[in-house]
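Participant: For the sequence shown, the working numbering assigns the number 1 to the initial residue and increments by one for each residue that follows. Beta carbons are placed, not taken as given, at the ideal position from N, Cα and C, and that holds for glycine.
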Amino acid sequence: MDVDREIQITAVICTHNRADYLKTAIQSLLNQSLDQRHYEILVVDNRSIDSTKHVVQSLSRPRVRYIYEPVLGLAHARNAGWQRAKGRYVAYLDDDAQASRGWLEKIVETFETHHPMPGCVGGRVDPVWEGPRPSWISDELVTCLPVINWSDKPHVIADIRQEWLVGANIAFPLRVLQQVGGFSAGLDRAGKRLLSSGDILLEKQILKAGYLCYYDPEIAVRHVVEKSRLEKRWFRKRYLWQGISDAAMQILEERPSAAGRITAALPLLFRLASSPKSLVTLFKPTDDPRRFTEKCFTWISLGHIAGLLGGVRRV
């Protein structure tokens, strides 16, 4: 019997210099309830210079594979993962996350029992706080950490602008990734370029191809929230780059000319100009969660404008 044919799903961990967290992530996958004959673990080392390879080798099992991706960038690593996968389905887990024991089993069950078969599935992401949660972090802002809990009931994602699946906990049929081409190299982190939203653009492409995106809270992982992310300056930077990422995604989808980019930026500029109070509050310190949330959303607008007007190279 061809052993590879038994593999139902490939669990992919993409990592870059996160050896300290990686061991726990891999261990959570080794302890899955799904029969070990039916899944493999693929660790994609994206140009790490720490002990990543040693960590993977120390946990070596027949179903654990290590590949080295020399092109820096999360999108390149994620694409290398699905392109080397042996399973019918591909599930992504962050290198600082821990999968629940039934994670892979529930993903496979969802794909094989839900009709029509979804184009992607994902679920709850619970935080593992490395420090106390500051009072100024609203529930709206925790989604960028990411902390996701849309509902206690499984459901189809009706509006991706309101609810979405995140790359820390997301899975796809391999054939769907092949059909849509995987993750765009024009998005997501690469060195000091802090772009994001590659998972969101892929979900949009999957919806456009006629598939559903499906959320199930039982497809659950725990995700570390580092102390460095519990500072206001991190949120300012994160939301500014979110705006730049929104611009990059718009450019990838619409392919506007230089004039088209200016035209797209004008309504955003006018909206900010009509609310000078929003700009003033950017420079006023606050511990009020509502006001700090407003500040972060203003940073998104500024980043979006900057991205459209040249802050994002042509992609």
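(1) Between which residues of its own chain and Tyr-89 is the CB-CB distance below 8 Å, once the five residues before and five after are set aside?
(2) With contact counted as at least three CB pairs below 8 Å, one residue from each stretch, are the stretch 62-78 and the stretch 124-131 in contact?
(3) From Ala-247 to Ser-138, what distance separates their C-alpha atoms?
(4) With a CB to CB cut of under 7 Å and the five nearest residues on each side skipped, what residues in its chain are close to Lys-86?
(5) Can you give me the Cβ contacts of Phe-235 inside the same chain, cut-off strictly under 7 Å, excluding the 5 residues immediately before and after it?
(6) Taking the C-alpha atoms as reference points, what is the distance between Asp-20 and Thr-293?
(7) Can you check the stretch 123-184 for any beta strand (DSSP E) of at least 3 residues that lies completely inside it and give the ranges in chain order?
(8) Can you give the Cα-Cα distance for Pro-285 and Leu-272, rounded to whole angstroms?
(9) Looking only at its own chain, which residues have a Cβ that is under 6 Å from the Cβ of Ser-48, when we skip the five neighbours before and after it?
(10) Check each candidate in Asp-45, Thr-263, His-155, Leu-252 and name the one with the smallest Cα separation from Cys-213.
(11) Give me whichever residues DSSP pairs with Val-40 in a beta bridge.
(12) Around the C-beta of Gln-98, are 16 or more other C-beta atoms found within 10 angstroms, so that it is buried, or is it exposed?
(13) Leaving out five residues before and five after Trp-136 in sequence, what residues of the same chain have Cβ atoms less than 6 Å from its Cβ?
(14) Can you name the residues that DSSP bridges to Tyr-89?
(15) Which residues does DSSP list as the beta-bridge partners of Thr-15?
(16) Near Gln-32, what residues of its chain come up, given a Cβ to Cβ distance below 6 Å and the 5 sequence neighbours on each side ignored?
Facilitator: Checking against the coordinates, here is how it stands:
(1) One-based indexing of the sequence shown puts residue 89 at position 89. Taken in chain order, the residues that qualify are Gln-8, Ile-9, Thr-10, Ile-107, Val-108, Phe-111, Ala-171, Phe-172, Pro-173, Leu-174.
(2) Verdict: no, contact absent.
(3) The residue you call residue 247 lines up with position 247 of the sequence shown. The residue you call residue 138 lines up with position 138 of the sequence shown. Taking the straight line joining both Cα atoms gives about 25 Å.
(4) For this step, residue 86 is matched to residue 86 along the sequence shown. Asp-4, Ile-7, Thr-10, Glu-40.
(5) Locating residue 235 in the sequence shown gives position 235, where the first residue counts as 1. Contacts found: Leu-141, Cys-296.
(6) Counted from its first residue, the sequence shown places residue 20 at position 20. Counted from its first residue, the sequence shown places residue 293 at position 293. Approximately 32 Å between the Cα atoms of the pair.
(7) 125-129, 169-173
(8) Against the sequence shown, residue 285 aligns to sequence position 285. Against the sequence shown, residue 272 aligns to sequence position 272. One C-alpha to the other measures close to 19 Å.
(9) Stepping through the sequence shown from its first residue, residue 48 is reached at position 48. So the list reads His-16, Asn-17, once near-sequence residues are dropped.
(10) As a position in the sequence shown, residue 213 is number 213, starting the count at 1. Measuring from the Cα of Cys-213, the nearest candidate turns out to be His-155.
(11) Locating residue 40 in the sequence shown gives position 40, where the first residue counts as 1. A quick correction: the sequence has Glu, not Val, at residue 40. Paired residue(s): Thr-10.
(12) Here residue 98 refers to the residue found at position 98 of the sequence shown. With 16 or more other Cβ atoms within 10 Å, it is buried.
(13) Numbered from 1 along the sequence shown, position 136 holds the residue referred to as residue 136. Asp-287, Pro-289, Phe-292.
(14) Within the sequence shown, numbered from 1, the residue matching residue 89 stands at position 89. DSSP lists Ile-9, Pro-173 as partners of Tyr-89.
(15) Translated into the one-based positions of the sequence shown, residue 15 becomes position 15. According to DSSP, Thr-15 bridges with Asp-45.
(16) Your numbering for residue 32 matches position 32 in the sequence shown. Once the five neighbours on either side are set aside, the close Cβ partners of Gln-32 are Leu-104.
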